[in-house]
Amino acid sequence: ESPSEVFIEGIFIPSYESGKLHMLENLLETIDPGLESWGVYLIAACKYLQRKNYYHILYELQQFMKDHVRAAMTCIRFFTHGANSYTELGGKQTWLLKIKDHLKVYLQEVSRSSGRKKMACTFRKKMSATDVSRHINTVDLQMEVTKFLHRCESSGTSQMTGSSLPTLFGNNNMKMDVACKVMLEGKNIEEGFGIAFRVLQDFQLEATEVYSKVAKQLVKEQKYSEIRQLLKCVSESGVAAKNDGDNIILNCLNEFKNIPAEDLDNLIQDMDSDENKIQAYVMCNKLRSAYLVSVRQEKTRAVQLVQHVRQLAENSGDDVVKAICAQWL
1 ESPSEVFIEG IFIPSYESGK LHMLENLLET IDPGLESWGV YLIAACKYLQ
51 RKNYYHILYE LQQFMKDHVR AAMTCIRFFT HGANSYTELG GKQTWLLKIK
101 DHLKVYLQEV SRSSGRKKMA CTFRKKMSAT DVSRHINTVD LQMEVTKFLH
151 RCESSGTSQM TGSSLPTLFG NNNMKMDVAC KVMLEGKNIE EGFGIAFRVL
201 QDFQLEATEV YSKVAKQLVK EQKYSEIRQL LKCVSESGVA AKNDGDNIIL
251 NCLNEFKNIP AEDLDNLIQD MDSDENKIQA YVMCNKLRSA YLVSVRQEKT
301 RAVQLVQHVR QLAENSGDDV VKAICAQWL
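full-length UniProt numbering numbers the first residue of the sequence shown as 1 and each following residue consecutively.
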């Protein structure tokens with residue numbers, strides 16, 4: 001057996017099983033106040049506890065080791081693990097505060113030790129100050145998300161039930177799910193848009209993809225006026241590129257086949273660029289509308305567009321539009 005295994009089997013397990021972990025900790029500290037000489041054994045003990053899923057003892061040990069970054073990671077697990085709703089997460093928010101506490105203490109220690117000569121080797125997990133600040137920011141944002149979605153669930157506006165509960169501690173896809181969830185679960189799109197927008201900005205997520213996903217969901221729920229509100233929020237957000245709103249509509253046109261004609265017209269008329277409007281009308285097979293926008297364009301472009309619409313009308317057997325186009329040409 002390796003020395004680490006001897007430590008775990010012979011000393012560590014017996015002391016926590018008999019409830020005397022504190023005594024062991026005091027003893028280790030007396031022998032070496034900095035715990036450096038115990039580092040290898042303590043890390044081995046942590047790995048053992050993790051394998052066994054003994055997270056409460058693990059957390060206790062990480063705090064004793066002053067391994068604040070790993071302790072924060074254990075708190076993330078306590079916060080997210082086994083929760084099935086944001087109402088449940090609302091009741092676990094103290095873990096978020098603990099994550100922040102650990103990270104702040106770590107930052108203080110890093111800034112203190114940067115003045116002194118660096119310790120040659122330490123068993124505690126290291127992280128750059130910028131990364132720690134970013135994590136603290138994530139925790140703050142997760143708190144806002146939790147409060148908001150908890151409130152939505154308790155007031156009954158919440159619609160979505162997903163198999164897994166998205167939080168900002170997951171990968172980018174999960175973060176995008178959080179942004180969608182926040183927009184879709186408020187009283188209206190506008191209510192959650194501010195928080196969702198910060199999530200998209202902070203993590204530099206693919207915004208148009210998220211907005212399109214939300215729009216498709218709104219089509220499913222037949223909330224057509226909300227789609228217009230979404231487009232308004234996007235254009236007022238200040239970072240939308242020229243065609244973002246148009247692209248959201250174009251991305252969703254396959255789903256839009258089921259939208260009542262009047263709502264569909266309103267959406268297409270909201271588009272910025274005439275070229276995009278024509279493309280949208282063509283996709284929805286509204287060739288007459290496509291023709292009407294085409295003839296408003298600059299002469300040479302108008303000719304190209306009307307010829308294209310005439311061709312489509314001919315292919316689909318729409319003699320009326322074909323005749324109108326031919327007459328104009």
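The beta carbon of each residue, even a glycine, is placed where N, CA and C say it ideally should be.
Helix, strand or coil for residue i per DSSP?
| i | result |
| --- | --- |
| Ala83 | coil |
| Thr167 | coil |
| Ser2 | coil |
| Asn254 | coil |
| Glu221 | coil |
| Thr122 | coil |
| Pro14 | helix |
| Val239 | coil |
| Val295 | coil |
| Lys52 | coil |
| Gln204 | coil |
| Ile31 | helix |
| Asp67 | coil |
| Gly91 | coil |
Hey, residue i and residue j are a contact pair by Cβ (cut 8 angstroms); roughly how many whole angstroms apart?
| i | j | result |
| --- | --- | --- |
| Leu250 | Ala215 | Incorrect: roughly 10 angstroms between the Cβ atoms, too far for contact. |
| Leu329 | Val293 | The pair is not a contact, with the Cβ atoms about 16 angstroms apart (cut-off 8 angstroms). |
| Val145 | Lys100 | Contact flag wrong, Cβ pair sits at about 15 angstroms. |
| Cys252 | Val199 | With 8 angstroms as the limit, Cys252 and Val199 do not qualify as a contact, their Cβ atoms being about 21 angstroms apart. |
| His150 | Gly192 | The Cβ separation is near 13 angstroms, so there is no contact. |
| Lys242 | Asp272 | 7 angstroms |
Over what stretch of residues does the alpha helix (DSSP H) that includes residue i continue unbroken?
| i | result |
| --- | --- |
| Leu231 | 224-236 |
| Asn172 | 172-185 |
| Tyr55 | 55-64 |
| Asn276 | 274-283 |
| Asp270 | Premise fails: Asp270 is in no alpha helix (DSSP H) and is neither H nor E. |
| Ile324 | 319-328 |
| Phe148 | 129-155 |
Would you please verify whether the beta carbon of residue i is less than 9 angstroms from any beta carbon of chain D?
| i | result |
| --- | --- |
| Thr167 | The displayed structure is made up of one protein chain only, and chain D is not part of it. |
In or out: residue i buried (at least 16 other Cβ within 10 Å) or exposed?
| i | result |
| --- | --- |
| Val61 | Note that residue 61 is Leu in the sequence shown here, rather than Val. Buried, because 16 or more other Cβ atoms sit within 10 Å of the Cβ of Leu61. |
| residue 341 | What is shown of the chain runs 1 to 329, which leaves residue 341 out entirely. |
| Asp177 | buried |
| Met23 | exposed |
| Ala129 | exposed |
| Ser289 | buried |
| Thr80 | buried |
| Ile8 | buried |
| Val239 | exposed |
With respect to 8 angstroms, is the separation between the Cβ of residue i and the closest non-hydrogen atom of the ligand GDP below this value?
| i | result |
| --- | --- |
| Glu60 | By its list of ligands, the structure shown contains no ligand whatsoever, and the ligand GDP lies outside what it can speak to. |
Touching by the beta-carbon criterion (3+ pairs, under 8 angstroms), the stretch 83-90 and the stretch 100-109: In this structure the stretch 83-90 does not touch the stretch 100-109; the number of beta carbon pairs closer than 8 angstroms is below three.
Is the stretch 255-264 touching the stretch 211-226, taking contact as three or more C-beta pairs under 8 angstroms? Contact between the stretch 255-264 and the stretch 211-226 is present: three or more C-beta pairs spanning the two stretches fall below 8 angstroms.
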